[in-house]
Structure formats: structure tokens, C-alpha cells
Amino acid sequence: MVISDLGLYGPESVTWRIHADPSIAVGGLRALLLQALHPVAMAGVSANSGYRQDPWGRLLRTTEFVATTTFGTASAAEEAAGRVRRLHRRLTAVDPDTGEAHPVDDPSLLLWVHCCEVDSFLYAARRGGLRLSDADADRYLAEQVRQARLIGLTPDAVDVPRTTTELAAYFDEMRPRLRATRPAYEGLKLLSAPPMRWWVRWATPAAPSWGALVAMGFGLLPSWAKRMYTHLPALPGSEMTAVASLRALRTAVLALPASVREGPQLKAARARVAAVPIRRLEALPA
Numbered sequence: 016m017v018i019s020d021l022g023l024y025g026p027e028s029v030t031w032r033i034h035a036d037p038s039i040a041v042g043g044l045r046a047l048l049l050q051a052l053h054p055v056a057m058a059g060v061s062a063n064s065g066y067r068q069d070p071w072g073r074l075l076r077t078t079e080f081v082a083t084t085t086f087g088t089a090s091a092a093e094e095a096a097g098r099v100r101r102l103h104r105r106l107t108a109v110d111p112d113t114g115e116a117h118p119v120d121d122p123s124l125l126l127w128v129h130c131c132e133v134d135s136f137l138y139a140a141r142r143g144g145l146r147l148s149d150a151d152a153d154r155y156l157a158e159q160v161r162q163a164r165l166i167g168l169t170p171d172a173v174d175v176p177r178t179t180t181e182l183a184a185y186f187d188e189m190r191p192r193l194r195a196t197r198p199a200y201e202g203l204k205l206l207s208a209p210p211m212r213w214w215v216r217w218a219t220p221a222a223p224s225w226g227a228l229v230a231m232g233f234g235l236l237p238s239w240a241k242r243m244y245t246h247l248p249a250l251p252g253s254e255m256t257a258v259a260s261l262r263a264l265r266t267a268v269l270a271l272p273a274s275v276r277e278g279p280q281l282k283a284a285r286a287r288v289a290a291v292p293i294r295r296l297e298a299l300p301a
């Protein structure tokens, strides 16, 4: 077995710890709500993603991409990322203010998506109760530079934040360019109440459970981001409420057997790890 079979990060990485944690589901929803505040990025999503026709499919594909690039083999991660890069090369996003067309793979747009994701995954994990030191947080961001390269960002094109200090500075720089456009509100409405079969919506707890997850994601947004959704009725989700709910959810999920709570990519990754001799596993780079 070659070392690359353990993927881009490996079992000793902070990335595995965060992306295997139940909090990542809420972190992903937070990321979507944050990403929507970039007018050009959201215009690209609105014009190209097809999320209105198939919101569940869009969410599933995003979840599978993160899982594959995290826990899959290096070749599987590159194959998945290659498909996304080839798709993005054909798409454009129109600036709602200037009418100027931007390629979806513009480095500035890719960087925005990347930073929203890593910030949200990290923040949800820490607020949800996963023990991570400041050094762990910086290590996670440094590891995630590999993810940024997968989606098309190269060191000579853009500086990808490698520490929490650099990430905070990036968001400070971006804030004047952000606002909630009409597509952002439309996306939030659809995310909050996606289509469900009538019997699922009315005969199961699926709808209120999903609504609670979205409220958690919204509650974990930075205060400046929440204020940008100025036309939004108050959601039941202060940060304190969101954190308490997330911690309760995380505790409940972690109580389930691993066979139930872990996805297929993570299970396959654990099987590959188990097949690697200990002496080689210890030699893997962190």
C-alpha cells in the first residue's frame, strides 16, 4: 500500500478531526449563508448551480465533495476536484452592480468560497465542543491550503490564509464588498424550507429538524453577517441558543455507534488506515 492511499491529509491531521465531527453539518450550512453575502459569488450560484430545481442534490454533491477530498485517496480527491474545475471553466457570474461578467473560477471568487468553508467548519467545531487549541486551528488552515489548490487556487495567483489571524484579516478586508442581494434571500428561503414530499413534511420530524439545523447555522454567523440580512425576520437563533443546540446535537450524535454516524468515505478511510503497518503510519507527515 502506498502512502497516498491515506489521502491528502491522513488520520493524524486536524482536518480529519474536524471533518469527521458531527458539527460539520451545521458548519456547512453556516458556510452557505456566509458565501451568499458576496454579490458576484451568489450571482454565479443563482445562474449556474440549479439549486432551485434540485436543492437536495446540490447539498448532497457538496457534502460528497468535501468527504471525498478529505477522506478519499489522493487520486479520488484529484478526480473529484478535476470535475469541479472543468465545470467552473465553462461558467460565468455577472456582477449585479456593474453587469461585468466574471469567470466562476476567478481566483478571488474561489478564495471567498474557500475561506467561508474553512472558517465555518472550524468555528462550528470549536463552538460545538471539539477541543482544538489555537495551534490546532492554525494547523487546520495550513492543511486546508491543499484543498484550496485542489479547487484551482495556486500560490502565484492568491495568498490563501494559513492562520486564524490571516483569516480574520481577510474577512475584515472583504466586509465592505458584501451585502445580501435578492438571490441571497432567495437562497436562504429555499435553504430554510426546501421541498419535501408531503408525507415527509407533515408526518415526520424532518421539516422542523432541518429548520433547527439552519437556525443553528444562522445563529453561528458573525454578528456583522447577520446584520447584512436586514430584511430577514428574526430567526430563533442567537449565538448562545445556537451553541447550546449544537452542543446537544453533537453529544447525541456522538452517542450513536460509529457504524451509524460515520459516512461511507470515512469508513473506507478507516479501513485503509487499519491496513497500514504502524511503523509506516507513524512516519506520515502531519
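Numbering (my numbering), first residue to last: 16 to 301. Built from N, CA and C at the ideal position, the CB exists for glycine as well.
DSSP state of residue i mapped onto helix, strand, coil
| i | result |
| --- | --- |
| Pro-118 | strand |
| Ile-166 | coil |
| Gly-226 | helix |
| Tyr-244 | coil |
| Asp-112 | coil |
| Asp-36 | coil |
| Pro-26 | coil |
| Arg-190 | helix |
| Pro-272 | coil |
| Gly-144 | coil |
| Ala-51 | coil |
| Leu-236 | coil |
| Arg-161 | helix |
| Arg-67 | coil |
| Pro-195 | What sits at residue 195 in the sequence shown is Ala, not Pro. Coil. |
| Thr-180 | helix |
| Leu-21 | helix |
Delimiting residues of the alpha helix (DSSP H) encompassing residue i
| i | result |
| --- | --- |
| Thr-107 | No alpha helix (DSSP H) holds Thr-107; the beta strand (DSSP E) holding it covers 107-109. |
| Met-211 | Where Met-211 is concerned, there is no enclosing alpha helix (DSSP H), given that its DSSP letter is neither H nor E. |
| Val-173 | Segment: none, Val-173 is in no alpha helix (DSSP H) and carries neither H nor E. |
| Asp-153 | 149-158 |
| His-103 | 89-104 |
| Glu-254 | 254-269 |
| Gly-59 | 54-63 |
| Pro-14 | Coverage of the chain is limited to positions 16 through 301, which leaves residue 14 absent and any answer about it impossible. |
| Arg-76 | 70-86 |
Local Cβ density within 10 Å of residue i, reported as buried at 16 or more and exposed below that
| i | result |
| --- | --- |
| Gly-22 | buried |
| Arg-142 | buried |
| Val-121 | Looking at the sequence shown, residue 121 is not Val but Asp. It counts as buried. |
| Leu-126 | buried |
| Ile-128 | Note that residue 128 is Val in the sequence shown, not Ile. Buried. |
| Arg-104 | exposed |
| Gly-167 | buried |
| Pro-210 | exposed |
| Ser-38 | buried |
| Leu-49 | buried |
| Lys-241 | buried |
| Val-275 | exposed |
| Gly-15 | With the chain represented from 16 up to 301, any question about residue 15 goes unanswered, as that position is not in the structure. |
| Ala-35 | buried |
| Pro-191 | exposed |
| His-53 | buried |
| Leu-271 | exposed |
| Leu-264 | buried |
| Leu-206 | buried |
Heavy atom of the ligand NAD within 7 Å of residue i beta-carbon
| i | result |
| --- | --- |
| Pro-176 | The ligand NAD is not among the ligands present in this structure, which contains no ligands whatsoever. |
is_contact[residue i, chain B] using C-beta, thresh 8 Å
| i | result |
| --- | --- |
| Asp-174 | As a matter of chain content, chain B is missing from the structure shown, which is built from one protein chain. |
> Can you find at least 3 beta carbon pairs, one from the segment 27-36 and one from the segment 168-187, that sit closer than 8 Å?
Replying inline: As far as the Cβ criterion goes, the segment 27-36 does not touch the segment 168-187, which means the pair count is below three.
>> Check whether the segment 42-49 and the segment 131-149 touch, using three or more Cβ-Cβ pairs below 8 Å as the test.
In response: Remark: three or more beta-carbon pairs, one from each stretch, lie closer than 8 Å, so the segment 42-49 and the segment 131-149 are flagged as touching.
> Do the segment 226-242 and the segment 254-264 touch if we need at least three Cβ pairs shorter than 8 Å?
Replying inline: Yes, the segment 226-242 touches the segment 254-264.
> For the segment 191-198 against the segment 95-102, are there 3 or more C-beta pairs whose distance is under 8 Å?
Replying inline: Touching, no.
> Is there contact between the segment 213-222 and the segment 106-117, where contact requires at least three CB pairs shorter than 8 Å?
Replying inline: Taking a cut-off of 8 Å for Cβ pairs, the segment 213-222 and the segment 106-117 do not touch, as fewer than three such pairs fall below it.
> So, do the segment 145-158 and the segment 67-76 have three or more beta carbon pairs nearer to each other than 8 Å?
Replying inline: No: the two stretches stay apart, fewer than three of their Cβ pairs being nearer than 8 Å.
> Does the count of Cβ pairs from the segment 74-93 and the segment 221-229 closer than 8 Å reach three?
Replying inline: The segment 74-93 vs the segment 221-229: no contact.
>> For the structure I just gave you, are there three or more beta carbon pairs, one from the segment 52-60 and one from the segment 148-167, closer than 8 Å?
In response: Output reads no: the segment 148-167 does not touch the segment 52-60.
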